[in-house]
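Down below is the structure, laid out as structure tokens.
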Amino acid sequence: MSRLSLQMGWRLLRRELRAGELTVLLLALLVAVTAMSSVAFFSDRIEQALTRQASQLLAADLVSNGNRPPPDAWRQQAAQRGLLQAEAATFPSMVFAREQAVLATLKAVSSGYPLRGEVQLRTQQGLQAGRLAPAPGELWADTRLLQKLGLRLGDSVRLGNVSLRLSAEVLREPDGAMDLYNFIPRVLFNHADLAATGLVQDGSRVRYRLMVAGDAASVAGYRQWLAPQLDRRTRLEDVEEARPEVKSALERARRFLGLTALLSVLLSAAAVALAVRRYLARHWQSVAVMRALGQTGSEVALVWGSLFLWLALVGGVLGTVAGYGVQAGLLLLAQQWLGAGLPAPALTAWLSGPLSALILLAGFALPPLLALRRIPAVAVLRADMPTSSRSLLAPLLAIVALLGLAAWQVGDSTLALWLLGGLVGFLLAVGLLAWGVVRLLRRVPLSGAVGWRHGAANLARRPWLAVIQIAALSVSLMALLTLTVVRDDLIGAWQKSLPADAPDSFLINLQAPQQATLDALFAKVGRSAPQAAPMTRARLLMINEREVKGSDYQDERAQRLAEREFNLSWRAAPPPGNGFAAGRWWPADSTQPAFSVEQGLAETLGIRMGDVLVFDIAGKRWQAPVTSLRKVAWDSFQPNFFVIAPAGWMGGESASYITSYRAPDRDFNNRLVAALPNVTVIDISVIVREVKAVIGRLALAVETMFSLALAAGVLVLWAALAATRDERQFDVALLRALGASRQQVRAVILAELAWLGGLTGLLAGIGAMAIGSLVAVQLFNLPLAPNLWLPLLGALCGGAVVGLAGWPLLRKITRTPPTDILRNS
Amino acid sequence: MILRAEALARQVDYHGQTLTILHQASFSVAAGESVAIVGASGSGKSTLLAILAGLDPASSGEVWLAGQALSALDEDQRALLRRDKVGFVFQNFQLMPQFTALENVMLPLELAGRGDARAAASAMLQRVGLGHRLDHYPRHLSGGEQQRVALARAFVVRPTLLFADEPTGNLDPATGRQVIELLFQLNAEAGTALVLVTHDTALASRCAAVYRLNDGRLQREAT
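Sequence order for the protein chains is A and B. Position one of the first sequence corresponds to residue -16 (this note's numbering), numbered consecutively onward. Position one of the second sequence corresponds to residue 23 (this note's numbering), numbered consecutively onward.
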């Protein structure tokens, strides 16, 4: 590109920006680039963090993870191979301090932990980092626990039967830093103190991890030796498969954010297309002059090409800066999953903004730019724009550009195609609906004030533009309404579906002899204690002599259920609130082998009435036929079980006990844990509150991205209004010349905006209402009455958005004296 | 001869019919000579001008501009020829709205790659009496001022040949007279050949030769 073209392009850019000719175009680019680059930054930094933390996520090179302590032979073998080793046992339990009890995830680690990665601590001596483990008698806790209990370093904290000194605040824990459920505080203490706590008892939910690290060959050799000895309760984890749940959750988040960014890009693209068309339609005469003055077609294209190149650069750089800001906000919201101190984004992430601006403009501005070359010099003698031939090049290029962006964003071209297809399909559906409404508006004879009638007629007069505006705005508005109003409706409906006296606390890990203490505690507040149910971990071995293997099932849930242990109970009387889909409950004094299976589980695993099941409970096999299928209300907040056996048959087995109740007063749970230190109380109201807070943060992150989409929608509105401004100006001049007052003219314009906004919001509200009902029924099985306010609320929001965004653009028109316009046209 | 046309004809298809808007027009202009083409609205004046200036091709016949046969050149080659030899003044001024007066006059100099564009353009604007309005945009100038900027833009490259298409058509009579005075002055100073298209016979009579275009037929009038 010649220097002259670049210079002229730059001069044009500065002038046109000042004259406001490129405002909408630049803003559309900005929004698209902001959306793209914020997601690019976000995913780049997360990916880097994941890669960097891969071995740290395990705190080792290889880990065996099971629900029993690793045999001594495993440790000896590791020692013989010269591997470093450490152990950890993780389980939920109550932590007691300052006369309060809080549920926490406890991790007992042996000295030597962590084998890989570093622990970061705040101690009374200051910040420390390194391969550190708490000394016996000491305890480390994360910031959440310190805040919840108001603890200071040096305080005493009780775990079960022992009191430990809080010696450090954990700022970073390699294999715990990205726990998705870490709204539960985490505590580390020395493995040597584990037995003394008395917290590990029959039926406790403990994960035992034996960690090893060393040179690759020794680790591989050990792995080969160990693998055949594993039973199905133990699995091996290495760097490759470290924390798949975190990876897939972040991957999903990344894709979802990518999708919303794509929506912004798609809407911005519509605004760019409209704005470029308008810009070139207003400037073809300049091109003709240049041609007459002796510029060749290619030179002309170069001058305007460089204008757009500069524009892409300006929009790209500014949008990238804005994108960095948005991303920083997103990361702040996600900090509790990611920890502080993420690596700086890579160069490619910085480039993504300017590059996407370039791709977007290339897709949408290049075709009309190339058409500029064909504007003949003789056009300088003509009054109207030479018609350019319509080619398929424009839409094709645009689609290729968008696909490229989408593939890049999502990192998977097939998925990108589907996503893009879905988005476009959705927009088309909304557009079709809008088209119908606009056509209806044209047919329906409206009576009433002149303003309203003319406003509706104006809208219907440019149906395509109206459809584009309505579709663009209503999609983003619908998403926002769904995220705000429908979300609250759903939570409200769920809370309403719970009876007022529904239990709010679960108590697990109770041992049989402790029922008497429980009875006494409840007796003190004048209530009868709930009856605790026995619970033990069982694994399904066989159905009708056929071995149960996860790989036999297609369904992911079935695979998981077949691989893992689940809770089994025994009782004499049928559980209250359970119904029967088939078979009958056994007599209360029955000693016959029998299983009662929950209907859903039976369907998932293909278990029928009369099938003979074999369970493994702590190494012992239990065989019995299925004598009944139960219907269980899982949301009753009562302990429920997949499989139940007669108490007379299995009752002699050791078990821990579970029950639920409504806490009589606020301090009750603290007193209970003080009296029964080994039990774990799960306060549902606290968890619901935490979950709500987490959902709130996630929603805020998504709302941020949808706000960008709304901004893009507003830009489409602007671009469309700008595209019709000259025409409107002439209409207004004519109206005024015919004697319309300025007030009447204003009423017509405002009415058109009101129609546009109202229709947009109405569609958005109806859409959000439909989504809400669908989600309630399909996903949560909740009886959610459609929120009939939504369409009205939507219409009001739409009217406000369109009115506020559109009026400043059109106000000027009403001020222009009619003679000016009629003379100039 | 700086400009020579032989047997120019132009037909256009209009709703399946062939309309002839220019019949066998022949025409020549010597260096420094001024020639007027007069005719009523719709007589084909603009078409003839477009063909003579190489903006539009003829259906048949030939134009030699500065010795070059235009039919032998493609659009881009004709553009380069215009850049080197030709200036334009239009009825509706055709200034670039996004450029200042100075930048509009600089434009042809910049296109020709002249390093002294700013100084030359500034001097030319002084010459047409707009030295105080260099940085004004066209929309802030009156019609007469805009046409003077257009004259400055046309003459600043010292073209061999200037085409003026109804240069006073959008101006009131008094302003129009001033602009025409200026046009002829500049023409005389630069020794430029002039092709003036107008429907104003009084204006046309100031030229050395007058051609009348009547229904697509061009005839030289006795002077």
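Beta carbons: idealized from backbone N, C-alpha and C, even for Gly.
- When you compare each of Trp568/A, Asp572/A, Glu586/A, Thr587/A to phenylalanine 578/A by their alpha carbons, which one comes out closest? To locate residue 578/A, count along the first sequence from 1; it is residue 595. Ranking the options by Cα distance to phenylalanine 578/A, first place goes to Trp568/A.
- Roughly how many angstroms lie between the CA atoms of alanine 203/A and methionine 592/A, to the nearest whole one? As a working mapping, residue 203/A is identified with position 220 in the first sequence. As a working mapping, residue 592/A is identified with position 609 in the first sequence. Taking the straight line joining both Cα atoms gives about 46 Å.
- Task: Compare the C-beta of phenylalanine 110/B with all C-beta atoms of chain A and state if any pair is closer than 7 Å.
- Result: Locating residue 110/B in the second sequence gives position 88, where the first residue counts as 1. It does: the Cβ of phenylalanine 110/B has a partner Cβ on chain A nearer than 7 Å.
- Task: Could you check the C-alpha separation between alanine 134/B and phenylalanine 177/B for me, to the nearest Å?
- Result: Locating residue 134/B in the second sequence gives position 112, where the first residue counts as 1. Locating residue 177/B in the second sequence gives position 155, where the first residue counts as 1. Their backbone Cα atoms lie some 14 Å apart in a straight line.
- Query: Which residues of chain A have a Cβ atom closer than 7 Å to the Cβ of glutamate 97/B, listed in chain order?
  - Reply: Mapped onto the second sequence, residue 97/B falls at position 75. Those are Gly280, listed as they occur along chain A.
- Task: Could you work out which residue in Ala271/A, Leu8/A, Val7/A, Ser488/A is closest to alanine 101/B when comparing CA atoms only?
- Result: Locating residue 101/B in the second sequence gives position 79, where the first residue counts as 1. Checked all of Ala271/A, Leu8/A, Val7/A, Ser488/A; the closest Cα to alanine 101/B is Ala271/A.
- Item | Under the three-state DSSP convention, the category alanine 91/B falls into | Your numbering for residue 91/B matches position 69 in the second sequence. Reduced to three states, the DSSP call for alanine 91/B is strand.
- Spell out whether any CB of chain B is found under 7 Å from the CB atom of glycine 288/A. The residue you call residue 288/A lines up with position 305 of the first sequence. No, because no Cβ of chain B sits closer than 7 Å to the Cβ of glycine 288/A.
- Message: So arginine -2/A contacts chain B; which residues on that side make the cut at Cβ distance below 8 Å?
- Response: To locate residue -2/A, count along the first sequence from 1; it is residue 15. Correct list: Gln120, Phe121.
- Message: Short of 7 Å Cβ to Cβ, which residues in the stretch 72 to 93 of chain B face chain A?
- Response: Ala72, Leu77, Asp78
- Query: Are aspartate 538/A and alanine 646/A closer than 7 Å when you measure CB to CB?
  - Reply: Position 555 of the first sequence, counting from 1, holds the residue named residue 538/A. Position 663 of the first sequence, counting from 1, holds the residue named residue 646/A. Alanine 646/A sits away from aspartate 538/A, with the two beta carbons spaced by 7 Å or more.
- Item | Reduced DSSP secondary structure (H/G/I, E/B, other) of asparagine 126/B | In the second sequence, counting from the first residue as 1, residue 126/B sits at position 104. Of the three classes helix, strand and coil, the one that applies to asparagine 126/B here is helix, per DSSP.
- Query: So what's methionine 194/A in DSSP terms, helix, strand or just coil?
  - Reply: In the first sequence, residue 194/A corresponds to position 211, counting from 1. Collapsing the DSSP output to three states places methionine 194/A in a strand.
- Item | Close Cβ partners of valine 420/A (< 6 Å) along its chain, the five nearest in sequence each way excluded | Position 437 of the first sequence, counted from the first residue, corresponds to residue 420/A. Hits under 6 Å: Leu742.
- Task: State the start and end residues of the unbroken beta strand (DSSP E) segment that holds aspartate 177/B.
- Result: For the purposes of this step, residue 177/B is taken as the residue at position 155 of the second sequence. Residue 177/B is actually phenylalanine in this sequence, not aspartate. Not the beta strand (DSSP E): phenylalanine 177/B falls in the alpha helix (DSSP H), residues 165 to 177.
- Task: Quick one: list the residues of chain A neighbouring proline 130/B, beta-carbon separation under 9 Å, in chain order.
- Result: As a working note, residue 130/B is residue 108 in the second sequence. What proline 130/B touches in chain A: Leu276, Gly277.
- Run through DSSP, which three-state label would proline 211/A get? Counting from 1 along the first sequence, the entry for residue 211/A is found at position 228. If DSSP states are grouped into helix, strand and coil, proline 211/A belongs with the helices.
- Message: Short of 8 Å in beta carbon distance, which residues of its chain neighbour leucine 733/A, apart from the five on each side in sequence? Order them along the chain.
- Response: Taking the first sequence and counting its residues from 1, one reaches residue 733/A at position 750. These residues qualify, in order along the chain: Gly434, Gly438, Gly786, Trp790.
- Can you tell me the Cβ-Cβ gap for valine 7/A and alanine 705/A, rounded? I've got them flagged as a contact below 8 Å. Sequence index remark: in the first sequence, residue 7/A carries index 24 (1-based). Sequence index remark: in the first sequence, residue 705/A carries index 722 (1-based). Indeed, because the Cβ distance is near 6 Å, the residues count as touching under 8 Å.
- Buried or exposed: histidine 37/B, going by 16 or more other Cβ atoms within 10 Å of its Cβ? Along the second sequence, read from residue 1 onward, the residue named residue 37/B stands at position 15. A residue is called buried when at least 16 other Cβ atoms come within 10 angstroms of its Cβ; histidine 37/B does not meet this threshold and is exposed.
- Query: Which one of Arg239/B, Glu243/B, Val150/B, Gly137/B has the shortest CA to CA distance from valine 232/B?
  - Reply: Numbered from 1 along the second sequence, position 210 holds the residue referred to as residue 232/B. Residue Glu243/B is the option with its Cα nearest to valine 232/B.
- Task: State yes or no: is the beta carbon of valine 421/A nearer than 7 Å to at least one beta carbon in chain B?
- Result: As a position in the first sequence, residue 421/A is number 438, starting the count at 1. By this cut-off, valine 421/A is not an interface position.
- Query: Below 8 Å, can you find three or more Cβ-Cβ pairs linking the stretch 54 to 73 of chain A to the stretch 344 to 364 of chain A?
  - Reply: Below 8 Å, too few C-beta pairs join the stretch 54 to 73 of chain A and the stretch 344 to 364 of chain A to call them touching: fewer than three.
- Presumed contact (8 Å Cβ cut-off) between alanine 753/A and glycine 631/A, rounded CB distance: The count along the first sequence starts at 1 and reaches residue 753/A at position 770. The count along the first sequence starts at 1 and reaches residue 631/A at position 648. Not a contact, Cβ separation roughly 53 Å.
- Message: So if DSSP puts proline 608/A in a beta bridge, which residue, or which two residues, is it bridged to?
- Response: Reading the first sequence from its first residue, position 625 is the one you call residue 608/A. Looking at the DSSP assignment, proline 608/A forms a beta bridge with Val595/A.
- Message: Would alanine 703/A and leucine 257/A qualify as a contact pair, given that the criterion is a beta-carbon distance under 7 Å?
- Response: What you label residue 703/A is simply residue 720 of the first sequence in a count that begins at 1. What you label residue 257/A is simply residue 274 of the first sequence in a count that begins at 1. The answer is yes: Cβ separation under 7 Å.
- Message: Buried or exposed, going by whether 16 or more other CB atoms sit within 10 Å of the CB of proline 559/A?
- Response: The residue you call residue 559/A lines up with position 576 of the first sequence. Burial is judged here by how many other beta carbons sit within 10 angstroms of a residue's own beta carbon; proline 559/A has fewer than 16 and is exposed.
- Message: According to DSSP, is serine 146/A part of a helix, a strand, or is it coil?
- Response: Counting from one through the first sequence, the residue named residue 146/A turns up at place 163. Residue state, collapsed to three classes: strand.
- Which value, in whole angstroms, describes the spacing of the CA atoms of leucine 290/A and glycine 66/B? Locating residue 290/A in the first sequence gives position 307, where the first residue counts as 1. Locating residue 66/B in the second sequence gives position 44, where the first residue counts as 1. Roughly 37 Å separates the two Cα atoms.
- Message: Check whether the stretch 46 to 66 of chain B and the stretch 237 to 248 of chain A touch, using three or more Cβ-Cβ pairs below 8 Å as the test.
- Response: no
- So what does DSSP say about arginine 357/A, is it helix, strand or coil? Position 374 of the first sequence holds residue 357/A. Three-state DSSP puts arginine 357/A in coil, outside helix and strand.
- Message: What are the residues in the stretch 700 to 734 of chain A lying within 9 Å of chain B by C-beta distance?
- Response: none
- Message: Please report the distance separating the alpha-carbon of leucine 776/A from that of leucine 717/A.
- Response: For the purposes of this step, residue 776/A is taken as the residue at position 793 of the first sequence. For the purposes of this step, residue 717/A is taken as the residue at position 734 of the first sequence. Spanning the two alpha carbons is a distance of roughly 36 Å.
- Item | Proximity test, Cβ basis, 7 Å: alanine 101/B and chain A | Translated into the one-based positions of the second sequence, residue 101/B becomes position 79. So, interface residue.
- Item | Beta carbon of serine 247/A nearer than 7 Å to that of alanine 682/A | Mapped onto the first sequence, residue 247/A falls at position 264. Mapped onto the first sequence, residue 682/A falls at position 699. No. Outside cutoff.
- Message: Given this structure, state the Cα-to-Cα distance separating leucine 41/A from proline 97/A, to the nearest angstrom.
- Response: In the first sequence, the residue the question calls residue 41/A occupies position 58. In the first sequence, the residue the question calls residue 97/A occupies position 114. In a straight line, the C-alpha of leucine 41/A is about 9 Å away from that of proline 97/A.
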